[in-house]
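Asks: The listed protein sequences correspond, in order, to chains A and B. Here the working numbering is used: the first residue of the first sequence is 1, the next is one more, and so on. Here the working numbering is used: the first residue of the second sequence is 1, the next is one more, and so on. Quick one: this structure, given as structure tokens, is what I'll be asking you about.
There are 2 protein chains.
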Amino acid sequence: MISVVLLGSGNVGTHFFKAIEKAENVRVAQWFSRQIDSIKGYKNKTAITDNLSELMEADLYILAVSDDAIATLSSALPFENRLVVHTSGSVNVHDLDKKNKRGVLYPLQTFSKGAEMDFKNVPICIETLDKKSYPILKEVATSLGSPTKRVNSNQRRVLHLSAVFVNNFTNQLYRIGHEITESEAAEFDLLKPLIMETAKKIQTLSPYMAQTGPAKRHDKKTIEKHLDLLKNPEHKAIYKLLTKSIQNTHGR
Amino acid sequence: MISVVLLGSGNVGTHFFKAIEKAENVRVAQWFSRQIDSIKGYKNKTAITDNLSELMEADLYILAVSDDAIATLSSALPFENRLVVHTSGSVNVHDLDKKNKRGVLYPLQTFSKGAEMDFKNVPICIETLDKKSYPILKEVATSLGSPTKRVNSNQRRVLHLSAVFVNNFTNQLYRIGHEITESEAAEFDLLKPLIMETAKKIQTLSPYMAQTGPAKRHDKKTIEKHLDLLKNPEHKAIYKLLTKSIQNTHGR
């Protein structure tokens with residue numbers, strides 16, 4: 001049984017807590033949060049604290065806090081030579097204080113407050129600075145049900161960057177679709193099955209093979225009609241840039 | 001029982017054929033294609049022809065042909081005063097020859113060759129120029145299992161435009177994610193659960209509410225890191241423009 005001290009009670013921390021609770025080979029020995037009120041509801045399930053000097057001994061310390069807080073919190077830990085990881089996609093593993101063994105458990109997923117998340121849909125990218133820590137992190141991630149992948153710093157960085165494209169930027173395209181449909185009192189809901197199908201398609205096809213539409217067909221007439229319809233200059237700029245990008249990808 | 005003559009044997013035509021075949025109140029009386037070979041395999045299921053002068057009498061003629069072919073084909077039809085619709089999101093309903101009653105059955109979905117499509121996931125937008133034609137089109141679409149929505153020309157146009165944003169442009173963001181991850185030999189597959197979750201989230205949340213990430217948080221440090229990582233000038237431009245768009249949507 002691997003014992004974990006979890007630090008942080010935000011979205012990621014809470015999802016880790018719930019996933020570890022269900023796992024067989026891992027347990028949360030203690031949960032730390034500066035906002036102790038936010039975890040009081042869990043005090044029958046694990047020890048809780050808001051005091052770093054009360055931290056228990058454990059096999060693994062997971063720092064599920066905001067990017068900016070990672071370095072400071074890791075320096076404030078009152079112990080040495082234990083295994084400490086953060087959960088961020090973009091923070092350098094060396095930002096963790098070197099007095100401890102360091103690593104990263106980066107869950108490549110978007111977490112919603114409230115909604116449950118099955119960790120079989122949460123790939124965990126594992127990075128370590130020393131070889132011995134890897135098997136422990138691998139066992140923790142696997143116990144949660146996650147697919148795991150060992151990555152280096154560069155790989156974690158490009159995965160985080162790519163996640164911004166396929167998640168945040170994609171969601172902004174949904175938002176623009178919402179604005180455009182509402183401008184004519186058409187229903188955005190009609191687009192939802194298409195949105196699901198677009199995501200489903202690339203589970204088995206490469207995005208290159210899955211592409212369709214006027215940009216790929218170099219269908220000038222339709223592209224002109226669309227640019228005429230777009231009133232928002234920013235939407236027009238996005239339409240032009242992504243159309244050009246598709247055409248550069250697919251040529252003639 | 002509503003009888004349909006289907007014209008066109010591309011992706012959309014073939015998916016309509018298969019859906020009508022399963023429906024109870026509609027039947028394909030005849031299938032027309034200039035490429036008769038492409039529908040020969042169906043000759044035991046319906047009458048097939050490549051000759052317009054052989055077209056049978058039917059309650060409805062569905063022109064599932066490419067945008068550019070719609071006007072010419074509708075003028076070439078050797079009859080008058082019958083109900084003729086096209087299936088395009090962007091072609092004007094008036095492009096159909098006015099010798100017949102005119103309408104549109106626009107399926108708001110992306111069809112893949114080969115893969116079956118359950119029409120309960122294919123919303124059909126219905127447009128008609130005369131009131132009497134609407135109930136027939138509504139009954140056909142409903143019989144296929146589709147959610148239906150009556151739309152006007154402007155609404156159909158903005159739905160088609162929005163579909164380009166949420167389907168083609170989103171798919172290009174997946175493609176860019178693919179390129180970026182491969183540049184460091186990281187696995188694009190790790191992003192697939194995130195892609196599904198991003199699409200799933202907006203089935204119940206608005207895209208506005210679903211947004212997260214460095215752009216929305218105005219997290220300058222992460223944004224700079226990402227721009228440093230991006231080597232392709234086009235990817236950089238897309239990153240900047242979509243980040244600005246998110247920030248315009250969400251303010252400070």
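C-beta atoms are modelled at their ideal positions from N, C-alpha and C, and glycine is treated no differently.
Does the contact criterion of 3 or more C-beta pairs under 8 Å hold for the region 161-168 of chain B versus the region 153-165 of chain A?
Replies: no
Asks: Excluding the five sequence neighbours on either side, which residues of its own chain have a C-beta within less than 8 Å of the C-beta of B/L230, listed in chain order?
Replies: I180, K236, Y239
Asks: Go to B/K220, then tell me how far its alpha helix (DSSP H) extends in each direction, as first and last residue.
Replies: Residue range 220-229 is occupied by the alpha helix (DSSP H) that includes B/K220.
Asks: Cβ of B/M196 less than 8 Å from any chain A Cβ?
Replies: yes
Asks: For A/P135, which three-state DSSP category applies?
Replies: The answer is helix: DSSP assigns A/P135 an H, G or I state.
Asks: Does any C-beta atom of chain A lie closer than 8 Å to the C-beta of B/G103?
Replies: No, because no Cβ of chain A sits closer than 8 Å to the Cβ of B/G103.
Asks: Where B/P233 and B/S143 are concerned, what is the direct C-alpha to C-alpha distance, given to the nearest angstrom?
Replies: 49 Å
Asks: So for B/S90, helix, strand or coil by DSSP?
Replies: coil
Asks: Under DSSP, the alpha helix (DSSP H) around A/F17 begins and ends at which residues?
Replies: 11-22
Asks: Determine which residues share a DSSP beta bridge with A/T128 and list them.
Replies: A/G103
Asks: Since I believe B/V12 is in contact with B/P107 (beta carbons under 8 Å), could you give me their beta-carbon distance rounded to a whole number of angstroms?
Replies: 7 Å
Asks: Once you ignore the five residues that flank B/H178 on each side, which residues in its own chain have a CB closer than 7 Å to its CB?
Replies: F188
Asks: Can the beta-carbon of A/I2 be found closer than 8 Å to that of A/V28?
Replies: No, they are not a contact pair.
Asks: Three or more C-beta pairs closer than 8 Å, one from the region 97-105 of chain B and one from the region 131-146 of chain B: is that the case here?
Replies: yes
Asks: Please report the Cβ distance between B/L60 and B/V4, rounded to the nearest whole angstrom; I am assuming they are in contact, meaning their Cβ atoms lie under 8 Å.
Replies: 5 Å
Asks: Alpha carbons only, please: which of B/P214, B/V85, B/I126 is nearest the one belonging to A/D68?
Replies: B/P214
Asks: Smallest Cα separation from A/D118: which of A/K131, A/S146, A/I126?
Replies: A/S146
Asks: Excluding sequence positions up to five away, which residues of its chain have a Cβ less than 8 Å from the Cβ of A/L52?
Replies: Cβ within range, chain order: F32, A76, L77, P78.
Asks: Thinking C-beta only, is B/Q109 closer than 8 Å to A/I246?
Replies: Result no, Cβ atoms of A/I246 and B/Q109 do not sit closer than 8 Å.
Asks: Using only the alpha-carbon positions, how far apart do B/K22 and B/N248 sit?
Replies: 47 Å
Asks: Cα separation between B/H86 and B/R34?
Replies: 17 Å
Asks: In the DSSP output, what is B/A186 paired with across the bridge?
Replies: Per DSSP, none; premise fails for B/A186.
Asks: For the alpha helix (DSSP H) containing A/L242, name the first residue and the last one.
Replies: 233-250
Asks: What residues from chain B crowd round A/S183, counting only those whose CB sits closer than 8 Å?
Replies: V158
Asks: With 9 Å as the C-beta to C-beta threshold (strictly closer), list the residues of the region 164-179 of chain B near chain A in chain order.
Replies: V164, F165, V166, N167, N168, F169, T170, N171, Q172, L173, Y174, R175, I176, G177, H178, E179
Asks: Quick check on A/L144: does DSSP put it in helix, strand or coil?
Replies: coil
Asks: Could you check whether B/I36 and B/I48 sit closer than 8 Å to each other, using their CB atoms as the reference points?
Replies: yes
Asks: Which chain B residues sit within Cβ distance under 8 Å of A/V291?
Replies: The requested residue 291 of chain A is not part of the displayed model; chain A covers only 1 to 252.
Asks: Check this for me: beta carbons of B/F16 and B/Y42, under 8 Å apart or not?
Replies: no
Asks: Give me the chain B residues within the contact set of A/T110, using Cβ-Cβ distance strictly less than 9 Å, ordered along the chain.
Replies: L194, E197, T198, K201, A210, T212, G213
Asks: Report the neighbours of B/K149 on chain A: residues whose CB is nearer than 7 Å to its CB, in chain order.
Replies: E187, L190
Asks: According to a CB-to-CB cut-off of less than 9 Å, which residues of the region 48-73 of chain B neighbour chain A?
Replies: Identification of residues in the region 48-73 of chain B having a C-beta nearer than 9 Å to some C-beta of chain A yields D67, D68, given in sequence order.
Asks: Taking C-beta pairs closer than 7 Å, name the residues in chain B that A/S38 reaches, listed in chain order.
Replies: The premise fails here: A/S38 is roughly 19 Å from chain B at the closest Cβ pair, so nothing lies under 7 Å.
Asks: Please list, in chain order, the chain A residues whose beta carbon lies closer than 8 Å to that of B/A237.
Replies: L241
Asks: Looking at B/A186: is its Cβ nearer than 8 Å to the Cβ of A/A199?
Replies: no
Asks: Report the three-state DSSP secondary structure of B/S7 (helix, strand or coil).
Replies: With the sequence shown as reference, residue 7 of chain B is identified as Leu, and Ser is not the correct amino acid for it. Reduced to three states, the DSSP call for B/L7 is strand.
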